[in-house]
Amino acid sequence: MKIATWNINGVKARIDSALTWLQEASPDVACFQEIKSTTEAFPAGPFEELGYNVAVHGQKGFNGVAVLSKRPIDEVAVKGLPGDDGDAHARYIEVLVPRKDGVVRVGNLYLPNGNPIGTDKFAYKLAWMKRLETHVRGLLEFEEPLVLLGDYNVIPEPADAKNPAAWREDALFQPETRGAFRALVNLGLTDAVRACHPGPGIYTFWDYQAGAWQKDHGIRIDHVLLSPQAADRLQSAGIDKHTRAWEKPSDHVPVWVELSE
DNA sequence: ATGGTTGGTAGCCAA
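Take the first sequence: its letters are residues 43 to 303, numbered as in this note's numbering.
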C-alpha cells in the first residue's frame, strides 16, 4: 500500500493541485499538512468523490492536518499531540487503517517551524519534539506497523541541504533540533527515503523566495519514519518533485512510501 | 548581510 505526505500550504489555494496529484499518484493514504482551514470548512466533498475517506484536525488560519484514505478509517486515535493540554495548535492526527491481517497506524504531523532561534517559538519546537518522542515511545510498545510522517521542519544532515551554510542560523538546522530528531529515530525508526536513496541531493522543500527552485536551493524536511514492523514491509520510497514546477505550487512536494501488505 | 514570495486574513503574522 502507498502512503504519502504533502504540506500543501493551504487547502483552498491548493485544491486543484491536490486533486490532480491524488489522481496521478493514487496513494492509499494521503496526509496533508498546513491545510490552514478549520475542520468544518475543509472541502471534503471533492476528495470523497475521488474515493477517499477524510479525517481532519483543523484550525482557523494556520496549521491544520488531514488524512485521506481509500480504505475505511477504522479509528481516529488522536487529534492534537498529547503531553500539553495548553497547546491548541492543530499539528497532529493519528489514524488506524486496515491492512491484510491487521492495521497500519498512521501519525500525520506538522512539526513547529521554530524560527527565529532564541525565541519562545524555538523553545516550543524543542518541547513539541520532546512530546513527540514520548508519544512515539508509547506507540512502539504496540509492536505494529507505524508510519510517522509529515513536515518535520528538520534538516537531519548537511547532505539534506543544497547549501548547508545558508541554514546555519535557522531553527530547522540547529544542533538541538537535529539532536531531537536523532533521538526520535534512535527509538528504532527507519528514515524511509534515506534508506531507499542514501545519496545527497534529495529535497522536499524549495522556498518561494530568491529563486530557490530555479537554483535548486532545496532542503529535505518532509520525512517518513517507520517502526520496525513497517520497515520490514518497505518496498520503495520517493518524492514527487515535478509538482514544484506546477502553476501555483506548494513550497513542499509530496513524499511517499510503498509498503507490502 | 539582506531581501526575496506566498497564504490567510483583515492588520500584519507565519512560513
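For each residue, glycine too, the CB sits at the ideal point set by N, CA and C.
Note that the structure is predicted; figures quoted are calculated from it, not measured.
Taking only three categories from DSSP, how would you classify Lys290? coil
Beta carbon of Asp212, beta carbon of Asn157: below 8 Å? yes
Compute the distance between the beta-carbons of Ala222 and Lys163, then report whether it is under 8 Å. no
Give me whichever residues DSSP pairs with His265 in a beta bridge. Gly192
Does DSSP classify Arg56 as helix, strand or coil? helix
Pick from Ser278, Thr285, Pro291, Trp288 that is closest to Ile45, judged by C-alpha positions: Ser278
How big is the Cα-Cα spacing for Pro240 and Ala254? 23 Å
Three CB pairs or more closer than 8 Å across the segment 222-232 and the segment 202-210: No contact exists between the segment 222-232 and the segment 202-210.
Where Lys121 sits in the DSSP three-state scheme: strand
Write down the C-beta distance between Arg141 and Glu303 rounded to the nearest angstrom, noting that I regard them as a contact closer than 8 Å. The beta-carbon separation of Arg141 and Glu303, rounded to 5 Å, stays under the 8 Å limit for a contact.
Relative to the C-alpha of Val189, which residue among Lys78, Val109, Ile159, Gly52 is closest? Per the Cα distances, Val109.
Expressed to the nearest angstrom, what Euclidean distance is found between the alpha-carbon atoms of Glu90 and Val96? Whole-angstrom Cα-Cα distance: 7 Å.
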